[in-house]
Each structure stands twice: as structure tokens, then as C-alpha cells.
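First comes the structure, then the notes that go with it.
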Ligand SMILES: C[S@@+](CC[C@H](N)C(=O)[O-])C[C@H]1O[C@@H](n2cnc3c(N)ncnc32)[C@H](O)[C@@H]1O
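In my numbering, the protein residues as written are 881 to 1190.
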């Protein structure tokens, strides 16, 4: 028997479970790595960011045999990612009879398919909780890329790649990009590889091999004391500066007010205690999403621009 659930399920991030608990409050029920909140609208649909994946349309399935569970899932859609914390043998048998879901490393740029990827788990031998739609387009919120071990001077480019894949768009040849807090240059490297014109702002210089890439120039400056008018029109603004979130928010407000840029990807970095308020203010900006990317650490990513940010 299939019963829709009213709330949402949140997959915890191993290292930041306390952040999720703070966001959800005491009303959430937990089972294994999952939290269930009955009335997510009570906390604001998009006010919860410290999770690996959010199950948007959860249901409970009471089933008799394994084949009954498999048929029920297959009848709903093709893609299902398991998040098992008990009943591992039974869960593996169910997953083995579902269509294959590739988790191979992707080559950037990769256009993530629109097909929904569901999630499911077992509560006991005859009870499955699942969701056809999830907040992350990646199975279980996890993505890996074919890495470049020689070009980029830091691995920070992986979170930029992930953000661009989630945005489903990226800079093209000649696009004007500002990369604030650019050094040692992982993001600048990734942008220059796409053929973009990159102004890399940092007090420290980017790696020489990045500075030598076509289209890259270094501006030795404090990013936050440069006015949008000093820079001029941009296609993309990127920021990976380590700073208190309100400082970033205030700077971004100036850019939004200037109307000089339409696409933004910024890391909201936590300094000690998590700031729960500022990410909500970022998420309230039109055409925005705040997410914890698989490649994020103690930080969130704000993605903003026209288009459908999944
Ligand atoms: C986490 S690192 C950025 C890594 C970079 N995205 C990459 O891919 O290699 C943060 C950088 O921000 C720079 N930074 C800190 N405060 C800054 C400011 N006010 N303006 C510009 N850069 C700043 C630091 O010098 C540091 O290089």
C-alpha cells in the first residue's frame, strides 16, 4: 500500500548534522541518516540548506515481497538511488532489480538529464520510504568528476564545476567573468578553459600558469572595496572569498542594485558557529538557490541567475 507523506525527508551531511538539527528544530523525527519534518512549509520550503539531498515528494510503501517493492518503484519511474541504514541485504536485492543508475565520474561540462532521480530506504523488512523527486539532480546528492591533476593549482574548481552543472549553464567564449578571491586560481583556471575573459581579484597572485592562460588578468585589490561601476558590465560574477556571510551579502546587494551582472555563483563560508540567517536572505533573492554542494565543506553555495536552477 502506497501512502503519500505530507512532509519532507532530509539526508544528513555526516559532518554537519548539528547544523541540520538547528535548521529543522525539535519537531523533526530522525531515522538513520534521515530526518523527517511533517510540515516543511512551517520552516520555509527553501530555508533548510545543510543537507545532502531533500526528498520533495515522500511516500511510505508497505509491501509483502521484494518483487512487489521493485514493481511499485519501477511503475513510478526509472531512476532510484538507495540510502540504506538497515535491512542491507533486502535493500541490495531490491536495488539489484531496479534499472542501472550510473554514478561514474563525469567529464565537465556535463548537461545533467532532466529525468528525476528518486531516493528510497527501508525502515523494516516490509516498509519502504521513498520519493520520486529530490532537490539534488545527482543520485543521493553525490557527483564526482574526471579530475585534472595537472592544470588547476587547487581542487576548488570541483565545487565550481558542480555549481555550474547544477545551474545547467556556464560561461562561454568571450563571456566577461569576475573571480573574487581567485588565488591560487582553481576557479579562474576552470573559467579560462571555457574560453571566458576572467578578471581574477585577489591580494595574492594566482599561480603563474593560470595567469598565463588566454583571457586571464589579475587585479590586485580587496574585492569588496571595488565598486561595480569600477569593473563595468559582467556576464558572470564568482566569489570564493573567505569572509563573514553578511559582508558578502552586502557586497552582492550592491552588484544587484547596479544591474551590471546577471549570473552569480558565490560561496557562503561559515566562520565558526553557523550563520543560519544570511543564507536565507540569499535564498530570498529572485532566481536564487542556496545549496550545500557535494564538494562544499563548511560552506554553502549561492547560485543566482535567470534559468531553471535545479
Ligand atoms: C578559498 S581561497 C579561493 C580559492 C580559489 N577559488 C581557487 O579556486 O583556487 C580564498 C581567497 O580569497 C582571498 N581573499 C580574502 N579576502 C579577500 C578580499 N577582501 N578580496 C579579494 N580576495 C580576498 C584570499 O587571498 C584567498 O586567496
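Where is the CB? At the ideal position from N, CA and C, for every residue including glycine.
Only a predicted model underlies this, so the values are computations on that prediction, with no experimental measurement involved.
Could you tell me the distance, in whole angstroms, from the CA atom of residue i to the CA atom of residue j?
| i | j | result |
| --- | --- | --- |
| residue 894 | residue 964 | 15 Å |
| residue 864 | residue 1163 | Absent from the structure is residue 864, since the part of the chain shown begins at 881 and ends at 1190. |
| residue 1068 | residue 1053 | 14 Å |
| residue 919 | residue 928 | 13 Å |
| residue 1049 | residue 1006 | 42 Å |
| residue 904 | residue 1029 | 39 Å |
| residue 980 | residue 1000 | 15 Å |
| residue 1018 | residue 1038 | 15 Å |
| residue 1092 | residue 1032 | 12 Å |
| residue 1036 | residue 890 | 26 Å |
| residue 956 | residue 883 | 13 Å |
| residue 914 | residue 1177 | 20 Å |
| residue 1160 | residue 987 | 32 Å |
| residue 971 | residue 906 | 29 Å |
| residue 1132 | residue 1014 | 29 Å |
| residue 1089 | residue 1020 | 36 Å |
Just to confirm, is the Cβ distance from residue i to residue j under 8 Å?
| i | j | result |
| --- | --- | --- |
| residue 1060 | residue 1086 | no |
| residue 1146 | residue 1167 | no |
| residue 1099 | residue 1080 | yes |
| residue 892 | residue 885 | no |
| residue 1103 | residue 1008 | no |
| residue 1115 | residue 1143 | yes |
| residue 1140 | residue 1113 | yes |
| residue 976 | residue 881 | no |
| residue 1010 | residue 953 | yes |
| residue 996 | residue 959 | yes |
| residue 1027 | residue 1055 | no |
| residue 1175 | residue 1042 | yes |
Which residue from the options puts its Cα closest to that of residue i?
| i | options | result |
| --- | --- | --- |
| residue 862 | 946, 892, 958 | Outside the shown range of the chain, which is 881 to 1190, sits residue 862, and nothing can be said about it. |
| residue 939 | 986, 1138, 913, 1002 | 1002 |
| residue 1024 | 1084, 992, 1000 | 992 |
| residue 978 | 967, 961, 985 | 961 |
| residue 1065 | 1040, 1045, 1044 | 1040 |
| residue 973 | 1181, 951, 982 | 951 |
| residue 1128 | 1150, 1094, 1140, 1141 | 1150 |
| residue 1083 | 1101, 905, 1000 | 1101 |
| residue 944 | 889, 1004, 1126 | 1004 |
| residue 1118 | 985, 1182, 1094 | 1182 |
| residue 1179 | 1097, 932, 1134, 915 | 932 |
| residue 1108 | 1088, 1123, 1130 | 1130 |
| residue 1204 | 1097, 1156, 1020 | Summary: the structure shown does not reach residue 1204, with the chain confined to residues 881 through 1190, and so no result is reported for it. |
| residue 990 | 1045, 1161, 957 | 1045 |
| residue 930 | 1187, 1132, 1170 | 1170 |
| residue 1165 | 1186, 883, 1021, 1154 | 1186 |
| residue 1047 | 1022, 1058, 1016, 896 | 1016 |
| residue 1152 | 1105, 887, 896 | 896 |
| residue 937 | 982, 902, 966, 1012 | 1012 |
| residue 1106 | 1148, 910, 1022, 1138 | 1138 |
| residue 983 | 966, 1022, 1051, 998 | 1022 |
Please specify which runs of the beta strand (DSSP E), each continuous and at least 3 residues long, are wholly inside the region 972-1055, giving them in chain order. 997-1004, 1007-1011
Runs of 3 residues minimum, wholly inside the region 907-973: which ones carry the beta strand (DSSP E) assignment? 909-911, 914-917, 933-935, 938-942, 959-962
Every unbroken beta strand (DSSP E) within the region 1112-1186, with a cutoff of 3 residues, ordered by chain: 1116-1119, 1144-1149, 1168-1171, 1179-1184
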